[in-house]
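Each remark here refers to the structure printed beneath this line.
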Amino acid sequence: MIKISLLIIFSFILGSIPFGVIIAKAKGIDLKKVGSGNIGATNVLRTLGKGSAAMTLLGDMLKGAAAAAIGAYLSVGAAYEGIMGISAILGHNFSLFLGFRGGKGVATGIGVLLIYSPQIAILTLIIWLVAVLMTKYSSLGAIMSFGLLPVNVWLFDYSKVKLITSAVITVLILSRHIGNMERLIKGTEKKIGERS
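Counting along the sequence shown from 1, when you hit position 97 you're at 1168 in the numbering used here, and nothing is skipped either side.
This is how it looks when you write it as C-alpha cells:
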C-alpha cells in the first residue's frame, strides 16, 4: 500500500503541473489574469493563439496519460490505475503549484482515458469534436462528451471498476463546468476563438 500511496501522490503532483501557466509566463503573461482566468487550452487559445494552445493541450493530456501509463506499466490493476488517473485530474483542477486552484480537467481526463480505455477516449473525443463543430462552444463539448462517459463505458467497455472510475471523472469535470452551464443557459458563454 505504501507504493500505491506514493504513486497516487506522484500522480497528483504530475497533474498539478500547470502547462498553460508556464507557457504563458514564458511569453510574459499571467494566464490567471487574462481572458477567463482559466489555465486550460481554451483560455490560452483566446489569449495567446493556436500554437500556445496546442502546446498546453498536449502537455495537459500527457500528464494524465503518464499517470495512467505508469499504473499500467507497474501492473497496479484497473482500480488503482483509475485512481491514479483521477488523482492526476484532481492535481490539474486543484494544482499544488497554484494554491490548490486550477483548471477543469478536460484535456487531462482525455489523457487518462487514452491509456485507461483507448476506445472510450476516441469516442469521447468524437463527441466533443462534433459538439464543438456544431456549436463552437468548447465547454458544451466537454459537458456532453464527459456527461456521456459512464454510458459509453457501460455500453462499450464495461467493467464495474471502469464504470465507477468513469462516473467519478464525470463528476469531477462537470462540477468544474457549473459556471459554463449557467452562462450557456443565459447565452453569455464565449465561443471558441472569441476574445474574452
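Virtual Cβ for every residue (Gly too), placed ideally from N, Cα, C.
Given the structure is predicted, the values throughout are model-derived calculations rather than measurements.
Range covered by the alpha helix (DSSP H) that runs through residue i
i	result
N1109	Careful: N1109 lies outside any alpha helix (DSSP H) and carries neither H nor E.
T1179	V1177 to Y1187
T1127	K1121 to Y1144
K1074	I1073 to G1086
R1247	Here R1247 belongs to no alpha helix (DSSP H), and DSSP marks it neither H nor E.
I1093	F1090 to A1097
S1210	S1209 to G1218
Bridge-paired residues (DSSP) for residue i
i	result
R1172	S1166
CB contact check: residue i to chain D, cutoff 8 Å
i	result
R1254	Considering every chain present, this structure includes no chain D. It has just one protein chain.
Cβ pair residue i, residue j closer than 8 Å
i	j	result
I1186	A1143	yes
Y1208	K1257	no
L1245	V1147	no
I1110	K1103	yes
L1243	N1114	no
S1216	A1202	yes
I1214	T1195	no
T1236	I1157	yes
S1166	G1176	no
8 Å Cβ shell around residue i - same chain, five flanking residues per side excluded
i	result
L1085	K1134, A1137, A1138, A1159 and G1162
Own chain partners of residue i with C-beta closer than 7 Å, once the 5 adjacent residues on each side are dropped
i	result
W1301	Outside the modelled stretch of the chain, which goes from 1072 to 1267, sits residue 1301, for which no answer is possible.
A1149	S1230, V1232 and K1233
G1106	N1114, R1117, T1118 and S1267
I1075	V1147 and Y1151
T1241	F1217, G1218, L1220 and P1221
Whole-number beta carbon distance between residue j and residue i, since they are thought to touch under 8 Å
i	j	result
T1179	D1131	5 Å
A1140	L1128	A1140 to L1128, Cβ: 18 Å. No contact.
P1089	F1168	6 Å
6 Å CB neighbourhood of residue i in its chain, flanking five on each side removed
i	result
I1193	none
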